[in-house]
Amino acid sequence: MASFRVEIRVMPRGGILDPQGQAVAHALHALGFADVNGARVGKHLVLTVDAASSSAAETRVKAMCDRLLANPVTEDYQLAVEPA
Amino acid sequence: MRRVAVIVFPGTNSEVETVDAARDAGSDAYYVWHKDTDLKGADVVILPGGFSYGDYLRSGAIARFSPIMEAVAAHARAGGGVLGLCNGFQTLCEAGLLPGGLVRNDRLRYVSRPVRLRVEAVDTPFTNQYRKGEEITIPIAHGDGRYVADAPTLAALEAEGRVVWRYVGENPNGSTNGIAGVCNAARNVVGVMPHPERLNAPVLGGQDGARVFFSLEARDATQHAGDLRAVGGHHRGM
Chain A
18 MASFRVEIRV MPRGGILDPQ GQAVAHALHA LGFADVNGAR VGKHLVLTVD AASSSAAETR
78 VKAMCDRLLA NPVTEDYQLA VEPA
Chain B
1028 MRRVAVIVFP GTNSEVETVD AARDAGSDAY YVWHKDTDLK GADVVILPGG FSYGDYLRSG
1088 AIARFSPIME AVAAHARAGG GVLGLCNGFQ TLCEAGLLPG GLVRNDRLRY VSRPVRLRVE
1148 AVDTPFTNQY RKGEEITIPI AHGDGRYVAD APTLAALEAE GRVVWRYVGE NPNGSTNGIA
1208 GVCNAARNVV GVMPHPERLN APVLGGQDGA RVFFSLEARD ATQHAGDLRA VGGHHRGM
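What follows is the structure in structure tokens.
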């Protein structure tokens, strides 16, 4: 068993209006950052997981995302696994 | 007199009004703590409003794994009536007992005020005392009330008459197609964002919500609605 650090990026699914992202874009425009032409706001979760291998850790965390950490109706997620 | 179990999660805050509204309509309503695993002979289960688990992660996401939810899912699968009010609706979606999901209001604000609704489906255990197409006023109080679902799901909801309540006039949260409440394919599980339990007596300023609870006691009306639905060919499992 080794310990892995798994970072999970959960984002509102493309095509679903993201009002937080729009509000952030508006605020950046108000501050003069006119070069911003899109913003989306999601969540970042960091887990420490014991597993036999990196791929085993990834499989486990995918199951966690599918059951709890992301809602497949409204969100997409991506994982990055590295040794802890 | 029907036995109505009102589930209480940590952070639920509308259980007292919900039990009172069901009792006012003649039901034998009682609380069930989320760590229980037994619905104690319930005919109907209501998941009331509030902020279960502080809305952490997503509204309703953690409540759906409470021990009592296995019994709620079994009750729903057996055809028993299940009603989710506000946070209860969010929890039923998270649990997969209702399709779609509820995300942040389009203007990012928590909205707490009366809204106009149209009753679109009266062939459910919770709306059989309304007239189809009737417009009513019920308060909302939510930050995550914008209903979303993928295109095939939305098409099925509309085609099968499974939008139960729809906002009329102004859409307060950006909900797709103005959807305020939906039911499952078998029509025994219903979720709505507005709070009928908060407007069930004249002393509260109106009683448009009371018939949600009177519907539970109206066995004949429910049976009649069941007959109609079988004829219409919409009676199929979810």
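Going down the list, the protein sequences come from chains A and B. Per our numbering, the first sequence runs over residues 18 to 101. Per our numbering, the second sequence runs over residues 1028 to 1265. All C-beta atoms in this analysis are idealised placements derived from N, C-alpha and C, irrespective of residue type, glycine included. On a predicted model such as this, the values are computed, not experimentally measured, just so you know.
Reduced DSSP secondary structure (H/G/I, E/B, other) of residue i
i: Lys79/A; result: helix
i: Ala51/A; result: coil
i: Tyr1194/B; result: strand
i: Val41/A; result: helix
i: Met1220/B; result: coil
i: Phe1153/B; result: coil
i: Tyr1289/B; result: For chain B, the structure presents residues 1028 to 1265; residue 1289/B sits outside this window and is missing.
i: Glu1244/B; result: helix
i: Asp35/A; result: coil
i: Ala1252/B; result: Unreliable positioning characterises Ala1252/B in this predicted model, as indicated by a pLDDT of 44, which lies under 50. The coordinate reading is nonetheless provided below. If DSSP states are grouped into helix, strand and coil, Ala1252/B belongs with the helices.
i: Pro1166/B; result: strand
i: Pro1229/B; result: helix
Below-8 Å beta-carbon distance, residue i vs any chain A residue
i: Leu1135/B; result: yes
i: Val1130/B; result: yes
i: Arg1143/B; result: no
i: Ala1088/B; result: yes
i: Glu1188/B; result: The sequence given here has Gly at residue 1188/B, not Glu. For Gly1188/B, the answer is no, since every Cβ of chain A falls outside 8 Å of its Cβ.
i: Glu1024/B; result: A question about residue 1024/B goes unanswered here, because the residues of chain B that appear run from 1028 up to 1265.
i: Glu1197/B; result: no
i: Gly1218/B; result: no
i: Asp1172/B; result: A small fix is needed here, since residue 1172/B is Gly in this sequence, not Asp. False, the Cβ-Cβ gap to chain A never drops below 8 Å.
i: Thr1249/B; result: Caution applies to Thr1249/B, whose pLDDT of 46 falls short of 50 and renders its modelled position unreliable; the value that the coordinates give is listed next. Answer no: the Cβ-Cβ gap between Thr1249/B and chain A never drops below 8 Å.
i: Glu1121/B; result: yes
Beta-carbon proximity of residue i to residue j, cut-off 8 Å
i: Arg1131/B; j: Ala1069/B; result: no
i: Asp83/A; j: Arg30/A; result: no
i: Gly1236/B; j: Pro1223/B; result: yes
i: Ser1093/B; j: Gln1117/B; result: no
i: Gln37/A; j: Leu1135/B; result: yes
i: Val1142/B; j: Lys1159/B; result: no
i: Leu62/A; j: Ile25/A; result: yes
Residue i versus residue j - alpha carbon distance
i: Ser1139/B; j: Gly1172/B; result: 11 Å
i: Val78/A; j: Val23/A; result: 8 Å
i: Asp1082/B; j: Asn1215/B; result: 26 Å
i: Phe1036/B; j: Gly1106/B; result: 23 Å
i: Lys1067/B; j: Ile1073/B; result: 13 Å
i: Asp1254/B; j: Leu64/A; result: Reliability fails at Asp1254/B, whose pLDDT of 41 lies under 50, so the model's placement of it is uncertain and the value that follows must be treated cautiously. If I take the Cα positions, the gap works out to 52 Å.
i: Arg1256/B; j: Gly1053/B; result: Because Arg1256/B sits at a pLDDT of 39, beneath the cut-off of 50, its placement in the model cannot be relied upon, and the point is left open.
i: Arg1050/B; j: Pro89/A; result: 38 Å
i: Ser1242/B; j: Ser70/A; result: 56 Å
Min CB distance residue i to chain B below 8 Å
i: Asn54/A; result: no
i: Val90/A; result: yes
i: Ala80/A; result: no
i: Leu48/A; result: no
i: Ala40/A; result: yes
i: Ile25/A; result: no
i: Leu64/A; result: no
i: Gln95/A; result: no
i: Leu85/A; result: yes
i: Pro100/A; result: no
Residue range of the alpha helix (DSSP H) that includes residue i
i: Thr1118/B; result: 1114 to 1121
i: Pro1179/B; result: 1178 to 1186
i: Ala1032/B; result: No alpha helix (DSSP H) holds Ala1032/B; the beta strand (DSSP E) holding it covers 1030 to 1035.
i: Val1328/B; result: Outside the displayed span of chain B (1028 to 1265) sits residue 1328/B, for which this structure offers no information.
i: Arg989/B; result: This structure does not reach residue 989/B, given that chain B is present from 1028 up to 1265, and the question cannot be answered.
Continuous beta strand (DSSP E) stretch holding residue i: start and end
i: Val23/A; result: 19 to 29
i: Ala68/A; result: 60 to 68
i: Arg1173/B; result: 1173 to 1175
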